[in-house]
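Trainee:
In the working numbering, the protein residues as written are 2 to 86.
#1: Between residue 70 and residue 52, what straight-line distance do the alpha-carbon atoms span, to the nearest angstrom?
#2: Does the Cβ-Cβ distance between residue 20 and residue 5 come in under 7 Å?
#3: Taking its Cβ as the centre, do 16 or more other Cβ atoms sit within 10 Å of residue 29, making it buried, or is it exposed?
#4: So, at 8 Å on beta carbons, what are the nonlocal neighbours of residue 1 in its own chain, with the 5 sequence-adjacent residues on each side left out?
#5: Starting from the C-beta of residue 74, find all residues in its chain whose C-beta is less than 6 Å away, skip the five residues before and the five after it, and write them out in chain order.
#6: What is the residue span of the alpha helix (DSSP H) that residue 24 lies within?
Structure, rendered in structure tokens:
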């Protein structure tokens, strides 16, 4: 998670957002516990379904592009994509 926080600070031109199907209170605690400087969208199963994300295991990372589709997933793929920017 520290790498994602750092990436969000290094790329202020990109909108970062946590997304979870968890309830709002749980999502708020997660954001506070990890010191996330970006919002966390809670109770968002419909969004996850629309992006084709079937299941989130742990702290999964996805990059959703301007088209609304997942363009990269996993820390290495997303980091690689961000390095191109």
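Each residue gets a CB set at the ideal place from its N, CA and C atoms; glycine is no exception. Predicted model only: the values in this text are computed from it and were never measured.
Mentor: According to the structure shown:
#1: Your numbering for residue 70 matches position 69 in the chain shown. Your numbering for residue 52 matches position 51 in the chain shown. If I take the Cα positions, the gap works out to 6 Å.
#2: If you number the chain shown from 1, residue 20 lands on position 19. If you number the chain shown from 1, residue 5 lands on position 4. Not closer than 7 Å, so no.
#3: Working through the chain shown from its first residue, we reach residue 29 at position 28. It is exposed - the Cβ of residue 29 has fewer than 16 other Cβ atoms within 10 Å.
#4: Lying before the first or after the last residue shown, residue 1 is absent from the chain, which here runs from 2 to 86.
#5: The residue labelled residue 74 in the question sits at position 73 within the chain shown. Excluding positions up to five away in sequence, the list reads 63.
#6: Here residue 24 is taken as the residue at index 23 of the chain shown, counted from 1. Looking at the DSSP string, residue 24 is not in any alpha helix (DSSP H), and its letter there is neither H nor E.
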